[in-house]
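To start, the structure itself, in structure tokens.
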Amino acid sequence: MMPRKSRIYAPGALHHIIARGIERCKIFRDKADLSNFLDRLGGIVKETNTRCFAWALIANDYLC
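Numbering-wise (numbering that gives the first Met the number 0), the sequence shown opens with residue 0 and increments by one.
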């Protein structure tokens, strides 16, 4: 599968962000790994003053 082309930067536009594990593998090794991801994501959202309207975590991907 080919990666998508980069999106055009448009101030104020909404973006759907997704990451998936290779061959549907889990993307978190354990609860500590998941906790680290959530801490980092929360920190980045706060530091960049990004509005996150919804998010979901699934065993082999995450959606924002």
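We put the beta carbon where it would ideally sit given N, CA and C, even for glycine.
As the structure is a computational prediction, the values presented were derived from the model and not from experiment.
- One thing to note: Arg23 has its Cβ within 7 Å of the Cβ of Asn59.
- Counting only residues of its own chain and dropping the five nearest sequence neighbours on each side, Val44 has a CB closer than 6 Å to the CB of Cys51.
- Ranking Ala31, Ile26, Thr49 and Ile17 by CA distance to the CA of Pro10 puts Thr49 first.
- In this model, Gly20 and Ile26 are separated by some 5 Å (Cα to Cα).
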